[in-house]
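Number of protein chains: 2
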Amino acid sequence: MNIKEFINCKSKVINKELDKHLPAEDIHPIQLNKSMRYSVLAGGKRLRPILALEAAKLIGGQEEDILPAACALELIHNYSLIHDDLPAMDDDDLRRGKPTNHKVFGEAMAILAGDALLTYAFEIMTKIDNVSAEQVLLAVKELAKASGSKGMVGGQVADILAEGHQIDSNELDYIHRHKTGALLKASVRIGAILSGANDEQLKALTTYAEEIGLGFQIVDDILDIEGDIEKIGKDVGSDLDRDKATFPAIYGLEESKKMASKTCKRAKEALNIFGEKAEVLLKLADYIIERDY
Amino acid sequence: MNIKEFINCKSKVINKELDKHLPAEDIHPIQLNKSMRYSVLAGGKRLRPILALEAAKLIGGQEEDILPAACALELIHNYSLIHDDLPAMDDDDLRRGKPTNHKVFGEAMAILAGDALLTYAFEIMTKIDNVSAEQVLLAVKELAKASGSKGMVGGQVADILAEGHQIDSNELDYIHRHKTGALLKASVRIGAILSGANDEQLKALTTYAEEIGLGFQIVDDILDIEGDIEKIGKDVGSDLDRDKATFPAIYGLEESKKMASKTCKRAKEALNIFGEKAEVLLKLADYIIERDY
């Protein structure tokens, strides 16, 4: 199995499901629905949904039961990108090779589209079938904690406050574990929780997710220096311009690359208990570290 | 029972619960937690939580079981105020007699504090005890639908798009039923759902909530013209300045006052099936129409 082809194929399934869930463009208020669909359906690797689906499959869950939760994770990710790109935040013009949401729909609509996507994520969670209400509620809690002030939003705040300041490795760790890591971890855990994982399975998958979450962000930081704008679809070098806290800034480029490899190794080791059944998740760990976009 | 004293007394219970739930100011990231607490604990009538608690009591629910949901409703209301006040939206400087969130903490933090409060509302919903997981999930669905693109956010978008345009009474109705009405309706319904209301009870309470929601907004529009800035705690006349769609602008001031009275009458009639047990909700309907702030 070629992992890039696999991701491509899976992302089509997820895109179809997202398209089905999002409000149609011809219903009121049209501008809002257009704005929501513009960002969500602009592409992207759909890593979070894929991680949720694969963690679920590893535990014995059914893809169709997990798909609403997979979509909810992608909606949260997309709302955070729309708000991060706003002029008051990172002020970015380009995302996935297209103008950012506020460049097309204006700031007010971009703020509201983000709000609506975040809210809709929780509505979709209530559409999960064939799973007990107790398990769905646990997954809702996991999603909310990972996305809010103790998770993603907290990391984004720390990231903004760190701009232009010297920060230590502890604070960098906090930022990355929260800003990117929290939702990636929740993706894996939600897939596992909804499929009835036991404590040992959940613990192993949590370690896996924490390591790939950290690795993902280290590689993101490296790509901001070495990446190809054509492939990444957003501005390169913007972290440096903004004096952002990054792994290469604190540890240097070579050491950062070594650290990324180590996270990948630790992520894969954590899945030993599953044996060969974990093949896709193992390949996803390699892919996350070796990707060039 | 004096209804103003009752609201005052209940709001203290709710404020204490909100204070307990919100992250402390001395934990990381401090700026975010300060910003969240600043807006939520700035006061306000706490109408939505009170409606949820009273609807629950009418059906036989226990206050302590409903309190987390009551707080969630208030958090959603507060996030929407923070985002509505932003420069890209209504650009307001004053809220509840204090500088708006972005005036104190800056735009980026105000956007993120709103995001965190919205997310936290759903986390709190998962803390509801002594109610079946199925009922809690129904309440989560109700909250998400009322707050998102098919509810409050949809109404806010339509309101912004209507600025400076001639709109008809249908569109005004859409804006008000969604922007303010949806969350007020959800407040009453969530209290009822979590207390196990039957179809007849839920239908009656839904009609009550729809009518007071509409009445609430008509009175808000009237207060923007006739209100006392000292009492309201926000700028007066700002609807006119912004060429906003309002009831007085379409129907005139006197006709708007008559319409508000009629909504109150219909709201109270809907509760006939409950007899005297509905006393507090009946007085709340009067209060909403007769308030001067």
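Protein chains in written order, with UniProt numbering: chain A, 1 to 293; chain B, 1 to 293.
From the three backbone atoms N, C-alpha and C, an ideal C-beta is built for every residue, glycine too.
Notebook entry, point to check: Can you find at least 3 beta carbon pairs, one from the region 176-191 of chain A and one from the region 204-211 of chain A, that sit closer than 8 Å?
Noted result: yes
Note to self: Pull the bridge partners of A/P99 from the DSSP assignment, please.
What the structure shows: The residue labelled residue 99 of chain A in the question sits at position 99 within the first sequence. Bridge partners of A/P99: A/L94.
Next item on the list: Determine whether the Cβ of B/Y120 lies closer than 8 Å to any Cβ atom of chain A.
Entry: In the second sequence, counting from the first residue as 1, residue 120 of chain B sits at position 120. Yes, its Cβ sits closer than 8 Å to a Cβ of chain A.
Margin query: Strictly below 7 Å CB to CB, what residues from chain B border A/G148?
Written below: Locating residue 148 of chain A in the first sequence gives position 148, counting from the first residue. Neighbours of A/G148 on chain B, chain order: A116, T119, Y120, E123.
Margin query: So for A/S149, helix, strand or coil by DSSP?
Written below: For this step, residue 149 of chain A is matched to residue 149 along the first sequence. A/S149 falls in the coil class under three-state DSSP.
Next item on the list: With DSSP as the reference, label residue 296 of chain A as helix, strand or coil.
Entry: Residue 296 of chain A is absent from the model: chain A starts at 1 and stops at 293.
Note to self: Tell me the DSSP secondary structure of B/D65 in three-state form.
What the structure shows: On the second sequence, residue 65 of chain B is found 65 positions in, with the first residue counted as 1. It is helical.
Notebook entry, point to check: Shorter than 8 Å from the beta carbon of A/I160 to some beta carbon of chain B?
Noted result: The sequence position of residue 160 of chain A within the first sequence is 160, counting from 1. At least one CB of chain B lies nearer than 8 Å to the CB of A/I160.
Margin query: For A/C71 and B/T100, I'd like the C-alpha separation in whole angstroms.
Written below: Translated into positions along the first sequence, residue 71 of chain A becomes position 71. Translated into positions along the second sequence, residue 100 of chain B becomes position 100. C-alpha separation (whole angstroms): 34 Å.
Checklist line | Residue from A/K262, A/V219, A/L271 whose Cα sits closest to the Cα of A/K203 | finding: Position 203 of the first sequence, counted from the start, is the residue given in the question as residue 203 of chain A. The shortest Cα separation from A/K203 among A/K262, A/V219, A/L271 belongs to A/L271.
Margin query: How far does the alpha helix (DSSP H) with B/E276 in it extend, from its first residue to its last?
Written below: Taking the first residue of the second sequence as 1, we reach residue 276 of chain B at position 276. Taken as a continuous stretch (DSSP letters only), B/E276 belongs to no alpha helix (DSSP H), as it is neither H nor E.
Note to self: Given 7 Å as the limit, tell me if A/E279 has its C-beta closer than that to any heavy atom belonging to the ligand SAH.
What the structure shows: The ligand SAH is not part of this structure, which contains no ligands at all.
Checklist line | Positions along the region 62-92 of chain A whose CB lies within less than 7 Å of some CB in chain B | finding: Under the 7 Å Cβ criterion, the region 62-92 of chain A contributes H83, L86, A88, M89.
Check: Quick one, which of A/E255, A/K244, A/G196 has its alpha-carbon nearest A/I59's?
Finding: Numbered from 1 along the first sequence, position 59 holds the residue referred to as residue 59 of chain A. Of A/E255, A/K244, A/G196, the residue nearest in Cα terms is A/G196.
Check: What is the DSSP secondary structure of A/E54, counted as helix, strand or coil?
Finding: Mapped onto the first sequence, residue 54 of chain A falls at position 54. Here A/E54 sits in helix by DSSP.
Next item on the list: Check whether the Cβ atoms of residue 295 of chain B and A/S149 lie closer than 8 Å to each other.
Entry: Nothing can be reported for residue 295 of chain B, as the shown portion of chain B is limited to 1 through 293.
Checklist line | Reduced DSSP secondary structure (H/G/I, E/B, other) of A/D292 | finding: Locating residue 292 of chain A in the first sequence gives position 292, counting from the first residue. Looking at A/D292 - three-state DSSP - the assignment turns out to be coil, as it is neither helix nor strand.
Notebook entry, point to check: Which stretch, first to last residue, makes up the alpha helix (DSSP H) that contains A/V219?
Noted result: As a working mapping, residue 219 of chain A is identified with position 219 in the first sequence. Element bounds for A/V219: 199-226.
Note to self: Assuming the contact rule is C-beta atoms closer than 8 Å, A/V157 and B/Q31 should be a hit. Round their C-beta distance to whole Å, please.
What the structure shows: Here the question's residue 157 of chain A lines up with position 157 in the first sequence. Here the question's residue 31 of chain B lines up with position 31 in the second sequence. Contact holds; Cβ gap of about 6 Å.
Notebook entry, point to check: For the 8 Å Cβ check, are there 3 or more pairs between the region 120-131 of chain B and the region 6-23 of chain A?
Noted result: The region 120-131 of chain B, when compared against the region 6-23 of chain A, does not touch it at the 8 Å Cβ threshold.
Next item on the list: Please name the residue, chosen from B/P23, B/A162, B/M89, that lies closest to A/P29 on a Cα-to-Cα basis.
Entry: Within the first sequence, residue 29 of chain A is the residue found at index 29, counting from 1. Ranking B/P23, B/A162, B/M89 by Cα distance to A/P29 puts B/A162 first.
Note to self: Between which residues of its own chain and A/G154 is the CB-CB distance below 6 Å, once the five residues before and five after are set aside?
What the structure shows: Here residue 154 of chain A refers to the residue found at position 154 of the first sequence. So the list reads H178, once near-sequence residues are dropped.
Notebook entry, point to check: A/K179 CB to nearest chain B CB: under 8 Å?
Noted result: As a first step, residue 179 of chain A must be located in the first sequence, where it is residue number 179. No, A/K179 lies away from the interface with chain B (no Cβ there is under 8 Å from its Cβ).
Notebook entry, point to check: For residue 362 of chain A, which residues of its own chain have a beta-carbon under 8 Å away from its beta-carbon, when the five flanking residues on both sides are left out?
Noted result: Coverage of chain A is limited to positions 1 through 293, which leaves residue 362 of chain A absent and any answer about it impossible.
Next item on the list: Indicate the three-state DSSP secondary structure (helix, strand or coil) for A/A70 in the structure shown.
Entry: As a first step, residue 70 of chain A is located in the first sequence; it is residue number 70 there, counting from the start. Looking at A/A70 - three-state DSSP - the assignment turns out to be helix.
Next item on the list: Measure the CB-CB distance between A/T263 and A/G227 and report whether it falls below 8 Å.
Entry: As a first step, residue 263 of chain A is located in the first sequence; it is residue number 263 there, counting from the start. As a first step, residue 227 of chain A is located in the first sequence; it is residue number 227 there, counting from the start. No, they are not a contact pair.
Checklist line | Cβ-Cβ separation, A/S35 to A/A110 (assumed contact under 8 Å), whole Å | finding: Counting from 1 along the first sequence, the entry for residue 110 of chain A is found at position 110. Counting from 1 along the first sequence, the entry for residue 35 of chain A is found at position 35. The Cβ separation is near 7 Å, so the contact holds.
Check: B/L223 and B/I66: beta carbons closer than 8 Å?
Finding: On the second sequence, position 223 is the one that residue 223 of chain B refers to. On the second sequence, position 66 is the one that residue 66 of chain B refers to. Not a contact, by the Cβ cut-off of 8 Å.
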